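One structure below.
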Amino acid sequence: MLFAVKEVPIENLMPNKTYFFFSHTIKAQPYNMPLLDKLMDLNIRMIDFEKITRNGERLVAFGRYAGMAGAFDFIRGVGEYLLEKKF
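If you count the sequence shown from 1, position 47 lands on 64 in my numbering, and the numbers rise without skipping.
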């Protein structure tokens, strides 16, 4: 079994394994359909954290703090890019 948080890059998938991760495919997001195709081609069992529920409630989620961390990471990345850019 392999655990991840985000989608596993297609080129890193190993056949005949079980993966646990947020696949972002439950709503058939077009950008991730190749991932589902490859999972099927490689006989991979995927358990999507987003679908682990009890009484309709998600049991695995990052909530508010994931959004804050993502915003911080984005702003930091823009700052690093601008510091390296020669004007």
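C-beta atoms are modelled at their ideal positions from N, C-alpha and C, and glycine is treated no differently. Given the structure is predicted, the values throughout are model-derived calculations rather than measurements.
To which residues of the same chain is L52 closer than 7 Å at the C-beta, ignoring the five residues directly before and after it?
As a first step, residue 52 is located in the sequence shown; it is residue number 35 there, counting from the start. The residues are E24, I27, S40 and T42.
Would you check if the stretch 76-91 and the stretch 54-64 touch, i.e. whether three or more CB-CB distances between them fall below 8 Å?
Too few Cβ pairs lie closer than 8 Å, so no.
Please report how far the alpha carbon of Y36 lies from the alpha carbon of R75, in whole angstroms.
Within the sequence shown, numbered from 1, the residue matching residue 36 stands at position 19. Within the sequence shown, numbered from 1, the residue matching residue 75 stands at position 58. One C-alpha to the other measures close to 18 Å.
Locate the beta strand (DSSP E) running through Y36, then write down its first and last residues.
For this step, residue 36 is matched to residue 19 along the sequence shown. T35 to F38 is the extent of the beta strand (DSSP E) around Y36.
Return the CA-CA distance between M63 and Y98, expressed in angstroms with no decimal places.
Looking up residue 63 in the sequence shown gives position 46. Looking up residue 98 in the sequence shown gives position 81. Cα-Cα distance, rounded: 35 Å.
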